[in-house]
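If you want the numbering used here, it's the position in the sequence shown, counting the first as 1, plus 14.
C-beta: ideal position from N, C-alpha, C; glycine also.
See structure below.
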Amino acid sequence: MRAAAVRAARGPWALVGRAALLLGIAALPIAFSAWIDPARLVAPRAAERDIARVLAAGSNVTNYANYDDRAIEKAMAPLRARPEVLVLGSSRMQMLRGCAGARVGGCVNGTSIGFVNGAMQGATLDDIVGVYGLYDAAGRRPNRVLLGVDPWTESATGDGWRSLAAERAMVLRRAGIKASPRRELLALWARSVRTVATPEYFRLALYSFRRYGASGLAWQPTERAQNVEKTKLPDGSVVWPALPDDNAERAARAFAAMALARDARFHDLKRRAPGRDDALERFMRYLQSEGVSTTVVLVPFPAVVYDASRRLSGDSLAAEERRVRTIAARAGARVVGSYDPRRAGVVTREFFDEDHLRPEALARLVAR
């Protein structure tokens with residue numbers, strides 16, 4: 015009788031205890047993913063501030079690609095002089111550099127001090143606006159902006175702008191672009207947390223832990239401008255590792271044949287967030303109104319990728335180019351380049367891969 019009473023009394027607490035144990039076990043993969051955090055979705059940004067201090071001191075940094083380049087630029091901006099030229103855009107603009115890729119020791123103030131490459135990996139219009147916001151103050155605004163506009167700059171949804179949320183909100187407001195900064199930032203955080211909780215992110219964390227340990231792939235200062243991994247220079251530009259001259263020919267063919275149809279960037283180029291149909295034009299007009307000369311740069315694709323995209327989605331790249339040229343003309347901005355490599359005057363061997371031009375070809379494009 016007494017044993018039955020004890021079991022009855024323990025019943026609810028035992029159930030609670032077992033439930034808590036099961037929840038704890040279920041939470042272990044999520045906790046592990048958040049601890050390793052290979053994509054740095056929820057990690058603090060202390061490492062990015064350290065990288066910025068090293069860059070500001072005149073050294074290059076390699077093995078940096080897993081770190082938040084928006085946070086690096088945010089920490090770098092107050093340490094920079096006012097830029098004469100500010101580059102904005104995605105990784106397709108990052109190779110454009112003010113020191114011709116020389117060692118830092120040869121990069122004296124003459125050419126680099128007035129040049130800042132603020133292009134970011136995977137940048138969308140939100141990132142571009144946020145980076146510009148770092149310099150959008152009297153006495154800090156650049157004289158000229160080189161604005162790289164990809165076909166998906168407005169249609170893609172990116173989560174990278176979290177570190178630039180305040181600057182993004184400020185420029186969107188000044189340019190008259192519709193936004194709900196708090197709600198959008200909360201939604202971004204929610205997406206990051208949901209991603210950390212996925213089985214795919216757990217597998218990525220396991221891979222990172224096995225290969226690099228708990229600290230992940232560590233960034234390294236270096237005096238060399240070219241290394242095994244991509245290298246960021248003090249002016250913000252990026253030097254790729256040495257690749258064979260025919261690398262793009264092989265990479266572009268493989269991408270066009272197998273990956274293009276699954277690449278979300280090339281689909282639904284007309285998609286816009288609610289109230290953002292004219293956001294790019296409003297941003298261009300805002301730059302011009304502040305006395306900032308704006309050159310829109312259309313970085314081409316290798317011919318096999320451009321042609322395959324046209325077969326996949328009709329004339330969407332050409333139509334998007336026509337639209338960008340039209341709004342640039344209305345905003346008073348100059349346009350150089352073309353998504354079509356034939357019109358841009360480049361050949362496939364002048365690319366690194368399926369969509370990144372080598373620096374010499376990109377510099378030639380911009381100089382026209």
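Exercise for review: Within its chain, find whatever has a CB closer than 6 Å to the CB of Asn-80; leave out the 5 residues flanking it on each side and keep chain order.
Suggested key: Leu-231
**Study point:** Endpoints, beta strand (DSSP E) assigned at Leu-161
**Key:** Taken as a continuous stretch (DSSP letters only), the beta strand (DSSP E) holding Leu-161 covers 158-162.
Review point. Are the Cβ atoms of Ala-342 and Met-298 separated by less than 8 Å?
Key: yes
Exercise for review: Leaving aside the five residues before and after Ala-170 along the sequence, list all residues of the same chain whose C-beta is less than 7 Å from its C-beta, in chain order.
Suggested key: Thr-138 and Arg-279
**Study point:** Identified DSSP bridge partners for Ser-169
**Key:** Answer is none; Ser-169 lacks a bridge partner.
Check your understanding: Where DSSP assigns a beta bridge to Leu-371, which residues make up the other side?
Key -> DSSP output for Leu-371 lists Phe-365 as bridge partner(s).
Practice item. Reducing DSSP to helix, strand and coil, say where Phe-315 ends up. Key: coil
Check your understanding: Between Ala-293 and the rest of its own chain, which residues show a CB-CB distance below 7 Å, the 5 nearest in sequence each way excluded?
Key -> Leu-139, Glu-168 and Ile-191
Practice item. Could you pull out every unbroken beta strand (DSSP E) segment of at least 3 residues lying fully inside the stretch 66-151, listed in chain order? Key: DSSP runs (the beta strand (DSSP E)) wholly in the stretch 66-151: 74-76, 99-102 and 129-131.
Check your understanding: In three-state terms, what does DSSP make of Thr-442?
Key -> The structure shown does not extend to residue 442, since the chain is modelled only from 15 to 382, so the question has no answer here.
Point to revise | CA nearest to the CA of Ala-89, picked from Ala-48, Arg-276 and Glu-181 | key: Glu-181
**Study point:** Proximity of Arg-188 and Gly-153 at Cβ, strictly below 8 Å
**Key:** For Arg-188 and Gly-153, no; Cβs fall outside 8 Å.
**Study point:** Where the beta strand (DSSP E) containing Val-349 begins and where it ends
**Key:** 348-351
Review point. By how many angstroms is the C-alpha of Tyr-146 removed from the C-alpha of Met-184?
Key: 10 Å
Practice item. Please list, in chain order, all residues of the same chain as Pro-195 whose beta carbon is under 6 Å from its beta carbon, the five residues on each side excluded. Key: Once the five neighbours on either side are set aside, the close Cβ partners of Pro-195 are Ala-183.
Check your understanding: Could you give the C-beta distance for Leu-1 and Ser-352, rounded to a whole number, given that I count them as a contact under 8 Å?
Key -> No answer is possible for residue 1: the residues shown for the chain start at 15 and end at 382.
Check your understanding: At least one CB of chain B closer than 8 Å to the CB of Arg-155: is that the case?
Key -> No chain B appears in this structure, which consists of one protein chain only.
Check your understanding: Per DSSP, what kind of secondary structure is Val-380 in: helix, strand or coil?
Key -> helix
Practice item. Could you check what DSSP says for Val-242 in three-state terms: helix, strand or coil? Key: coil
Point to revise | Contacts around Val-253, its chain only, beta-carbon distance under 6 Å, and the 5 residues preceding and following it disregarded | key: These residues qualify, in order along the chain: Gly-115, Ala-239, Gln-240 and Thr-245.
**Study point:** Simplified DSSP assignment, three categories, for Pro-26
**Key:** Three-state result, Pro-26: helix.
Exercise for review: For Ser-323, name the three-state secondary structure that DSSP assigns.
Suggested key: helix
Review point. Which same chain residues, not among the five before or five after Gly-346, have their C-beta less than 7 Å away from its C-beta?
Key: Gln-302
Review point. Where does Val-185 fall in DSSP's three states?
Key: Note: Val-185 maps to helix in three-state DSSP.
Practice item. Give a yes or no on contact between the stretch 39-54 and the stretch 202-214, applying the rule of three or more CB pairs nearer than 8 Å. Key: Touching, yes.
Practice item. Give me the Cα-Cα distance between Thr-125 and Pro-52, rounded to the nearest whole angstrom. Key: Reliability of the predicted coordinates at Thr-125 is poor, the pLDDT of 46 falling under 50, and no value is obtained from them.
Check your understanding: Among Ala-332, Ser-177, Ala-317 and Ala-256, which residue has its Cα nearest to the Cα of Glu-62?
Key -> Ser-177
**Study point:** Residues bridged to Ser-307 (per DSSP)
**Key:** DSSP output for Ser-307 lists Arg-158 as bridge partner(s).
Exercise for review: Inspect the beta-carbon positions of Pro-316 and Ala-262 and report whether they are closer than 8 Å.
Suggested key: yes
Check your understanding: In whole angstroms, what is the alpha-carbon distance linking Glu-334 and Ala-271?
Key -> 23 Å
Review point. Does the Cβ of Gly-128 have 16 or more other Cβ atoms within 10 Å, making it buried, or fewer, making it exposed?
Key: buried
Review point. Smallest Cα separation from Gly-103: which of His-281, Gly-250, Asp-277 and Ala-71?
Key: Gly-250
Practice item. Output the distance between the C-alpha atoms of Cys-121 and Val-130, rounded to the nearest integer angstrom. Key: Only weak support is given to the placement of Cys-121: the predicted model assigns it a pLDDT of 43, under 50, and the value that follows is read from those uncertain coordinates. Approximately 13 Å between the Cα atoms of the pair.
Exercise for review: Could you tell me the distance, in whole angstroms, from the CA atom of Glu-237 to the CA atom of Pro-156?
Suggested key: 28 Å
Check your understanding: Where does Leu-257 land, buried or exposed, given buried means 16+ other C-beta within 10 angstroms?
Key -> So Leu-257 ends up on the exposed side.
Exercise for review: State the Cα-Cα distance for the pair Arg-285 and Trp-166, rounded to the nearest angstrom.
Suggested key: 9 Å
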